[in-house]
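*Asks:* Numbering (our numbering), first residue to last: -17 to 59.
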Amino acid sequence: MDEPKFDIFRGAFDKNAFRVEVVSGFANACRRMREIAQAKPERYFVYSLDREAVLARIDTRTSVVIPFRQKAAGASG
């Protein structure tokens, strides 16, 4: 019996998602999604057409962290 096929999408699952590729087997699809996400950081998800559901997600976008600077004791302003 053939393994079920899963679609890997890039973007938000609720709008404007772009299908990247189709992979046989859920474990293979999750592994491939992580590989793609490491190469090109973004939001990705694995979708099952049979179940009509998102089964796995990853978000590897980097965010800019702005350090919080406390005022020195006795400083004004």
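Cβ atoms here follow ideal geometry from the backbone N, Cα and C, with glycine treated the same way.
#1: Would A11 be called buried (16 or more neighbouring beta carbons within 10 Å of its own) or exposed?
#2: Could you give the DSSP three-state label for A35: helix, strand or coil?
#3: Using three-state DSSP, classify R43 as helix, strand or coil.
#4: Assign E(-15) to one of three DSSP states: helix, strand, or coil.
#5: Between the C-alpha atoms of R1 and F(-9), what's the straight-line distance to the nearest angstrom?
#6: Rounded to whole angstroms, what is the Cα-Cα separation between D(-16) and F27?
*Replies:* Working from what's here:
#1: Around the beta carbon of A11, a 10 Å sphere encloses 16 or more other beta carbons of the protein chains shown; the residue is thus reported as buried.
#2: Reduced to three states, the DSSP call for A35 is strand.
#3: In the three-state reduction of the DSSP assignment, R43 falls in the coil class, being assigned neither a helical nor a strand state.
#4: Residue state, collapsed to three classes: coil.
#5: Taking the straight line joining both Cα atoms gives about 4 Å.
#6: Take the alpha-carbon of D(-16) and the one of F27: they are about 22 Å apart.
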